[in-house]
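The numbering of the sequence shown is my numbering, which starts it at 103 and goes up by one. Even for Gly, the Cβ is constructed at its ideal location relative to N, Cα and C. Quantities reported herein were computed from a predicted structural model and do not represent experimental measurements. Structure record follows, encoded as structure tokens.
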Amino acid sequence: MKVAIVADDLTGANATSALLSKKGFSAITCLEEFHHSLSDFEIVSFSTDSRSIPAKEAYSRVSQCIEQFKPLAPLISKRIDSTLRGNLGAEVDAVLDNNPELMALVVPVYPSSGRICVGGSLLVAGIPLQNTMMKDDPKNPMTESSVLELFRQQSEYEPFHIPLRDVLAGEQVLADRLTEIYRQGGRLVIFDATTDLDIATIAKAAEQSLLPVFCVDPGPFTAQLAHLRYSSNRTMTNKVFIAIGSVSELTQRQIKKLKYDRNVWLEVVAPRQLMDISRHPGKAGPLVKMLLNKSEQFDIVGIDTVEAPEHVCDLNQLAQEYQVDKSEASQMINRGIAEVTAQVLLNRESTFRGIYTSGGDVTVAVTNRLGSKGFILKDEVEPLAVYGHLIGERCNGLSIVTKGGFVGNDSTLVHCIDYLSTKISTYDTNVNRDISVSTVINSGA
103 MKVAIVADDL TGANATSALL SKKGFSAITC LEEFHHSLSD FEIVSFSTDS
153 RSIPAKEAYS RVSQCIEQFK PLAPLISKRI DSTLRGNLGA EVDAVLDNNP
203 ELMALVVPVY PSSGRICVGG SLLVAGIPLQ NTMMKDDPKN PMTESSVLEL
253 FRQQSEYEPF HIPLRDVLAG EQVLADRLTE IYRQGGRLVI FDATTDLDIA
303 TIAKAAEQSL LPVFCVDPGP FTAQLAHLRY SSNRTMTNKV FIAIGSVSEL
353 TQRQIKKLKY DRNVWLEVVA PRQLMDISRH PGKAGPLVKM LLNKSEQFDI
403 VGIDTVEAPE HVCDLNQLAQ EYQVDKSEAS QMINRGIAEV TAQVLLNRES
453 TFRGIYTSGG DVTVAVTNRL GSKGFILKDE VEPLAVYGHL IGERCNGLSI
503 VTKGGFVGND STLVHCIDYL STKISTYDTN VNRDISVSTV INSGA
């Protein structure tokens with residue numbers, strides 16, 4: 103047992119377990135009293151069913167819950183509602199009172215669901231919490247947006263606030279700030295955060311500080327901290343490789359949103375370099391090695407050719423330089439992308455199980471390089487974006503989503519990557535295949 107999740111309802115317990123399960127942890131939700139046999143699972147979730155009961159009773163239920171697994175000393179996650187409903191203060195106090203050496207790290211955000219924290223206040227889809235429909239919730243009406251103020255009202259511990267500027271300053275600044283607060287006797291810290299990258303920074307700072315901490319969040323921070331702390335020798339089940347060849351303005355916006363919303367590494371590769379690789383595959387070696395190294399830090403890694411208008415190449419000029427026609431120059435770029443992609447996925451050190459490609463010609467080049475003979479359609483992710491499985495000697499059973507470079511809106515790439523991550527984390531690993539990857543392909547409209 104590595105992580106104990108204490109949620110105030112069953113939905114929250116299951117949701118946080120699912121996030122960790124996607125990262126490769128074995129997880130179970132405990133519906134009765136904790137039994138020592140459950141400690142064989144890495145993640146154990148509990149529901150105290152305490153969201154809408156008096157604070158004193160909620161405190162008691164959480165205290166009794168954590169007493170069950172205290173001898174195992176797991177990382178504690180006090181799961182809170184993403185809209186701050188429930189007995190936040192009383193339940194965090196229960197953990198702190200029973201573990202006086204711990205520090206509560208409150209990261210009340212869920213960026214992929216539109217929940218962010220700025221200035222100590224929670225925004226839902228850009229709207230202050232108190233101005234959303236949650237103000238009319240029949241059991242827990244939310245009339246306060248300030249996370250800081252809610253804890254001041256509900257907790258016996260003085261909350262400290264770390265603003266967004268400190269989070270953006272990096273993990274070392276945060277680690278130093280946490281150490282300073284802890285030395286002052288602070289035990290309750292609330293963070294601003296707006297992206298998954300911010301969450302990753304906070305988690306890295308927590309680990310770097312070496313302080314005894316526990317998580318207070320709706321799930322993403324717990325998943326990130328558990329991944330950092332326990333996954334050094336773990337093969338991830340949902341790493342995604344991205345290969346984007348489309349140069350459309352829409353694709354550029356989709357990339358920008360993905361990099362803002364998710365913890366991702368994308369390497370811009372010049373078309374000239376890709377053309378060289380298409381002629382001399384051995385030249386891909388250094389780039390492939392770098393991408394594999396990045397996969398140790400990031401779950402989403404890939405290559406593209408354009409992230410800004412200035413990256414768009416003059417195809418006519420390249421065609422003249424390589425003494426080919428314009429069409430062949432374009433195909434050489436696509437074959438270069440496919441070569442890099444295949445070398446990454448087929449490498450023995452690769453832990454990727456998913457790939458997203460953008461542009462119909464890139465799709466053809468990648469599937470050909472992987473030896474695919476076709477694919478079996480399973481589902482529609484979005485209009486003109488479908489999910490299925492590749493068939494072929496070296497790629498049989500690989501998951502695939504096809505989408506055109508001019509298809510969707512600014513959030514479509516994020517949606518496709520999230521969809522793929524979920525699919526490959528639950529996909530039957532007993533499918534007969536030669537390489538352990540799954541594939542999302544973005545084809546022509």
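Whole-angstrom distance between Q286 and Y521, CA atom to CA atom: 44 angstroms
For the pair the stretch 345-352 and the stretch 308-327, tell me if three or more CB-CB distances fall below 8 angstroms. no
Length of the line joining the Cα atoms of L276 and G221: 16 angstroms
Are at least three pairs of beta-carbons, each pair with one atom in the stretch 463-477 and one in the stretch 357-367, less than 8 angstroms apart? no
Determine the direct distance from the alpha carbon of T303 to that of K104, and round the result to whole angstroms. 21 angstroms
Three CB pairs or more closer than 8 angstroms across the stretch 149-163 and the stretch 107-117: yes
For K341, the three-state DSSP class (helix, strand or coil): strand
Apart from the five residues on each side of it in sequence, which residues of its chain come closer than 7 angstroms, Cβ to Cβ, to L299? N365
Going by DSSP in three states, T459 sits in which element: helix, strand or coil? strand
Pull up the distance between the alpha-carbon of A106 and that of H329, whole angstroms please. 14 angstroms
With which residues is H263 paired in a DSSP beta bridge? I292
Along the beta strand (DSSP E) that carries I130, what are the first and last residues, could you check? A129 to C132
Cβ shell of P383 (< 7 angstroms), same chain only, five flanking positions each side left out: E441
Go to G387, then tell me how far its alpha helix (DSSP H) extends in each direction, as first and last residue. G387 to K396
Separation of Y284 from A175, as counted between CA atoms: 20 angstroms
Proximal residues to K306 (C-beta, below 7 angstroms), its chain only, five neighbours per side dropped: E273 and L330
State yes or no: is the C-beta of S247 within less than 7 angstroms of the C-beta of P230? yes
Would the beta-carbon of G404 fall within 7 angstroms of that of A345? yes
N- and C-terminal bounds of the beta strand (DSSP E) containing F508: It is not in any beta strand (DSSP E) - F508 carries neither H nor E in the DSSP assignment.
Start-to-end residues for the beta strand (DSSP E) that takes in S474: S474 to E484
Classification of R437 by the beta-carbon crowding that lies within 10 angstroms, buried from 16 upward: buried
DSSP three-state assignment for V105, whether helix, strand or coil: strand
Report, in whole angstroms, the separation of the C-beta atoms of R163 and N242, which I expect to be a contact under 8 angstroms. No, R163 and N242 are not in contact; Cβ-Cβ is about 17 angstroms, not under 8 angstroms.
Boundaries (first-last residue) of the beta strand (DSSP E) holding F316: V315 to D319
Count the other C-beta atoms from every protein chain shown that fall within 10 angstroms of the C-beta of I519, then say buried if there are 16 or more, exposed otherwise. buried
So V194 and S223 are in contact, right, with Cβ under 8 angstroms, and what is the actual spacing, rounded? Not really, about 18 angstroms apart at Cβ, beyond 8 angstroms.
With a threshold of 16 other CB atoms inside 10 Å of the CB of T118, please say whether the residue is buried or exposed. buried
Give the DSSP bridge partners of M205, in chain order. V315
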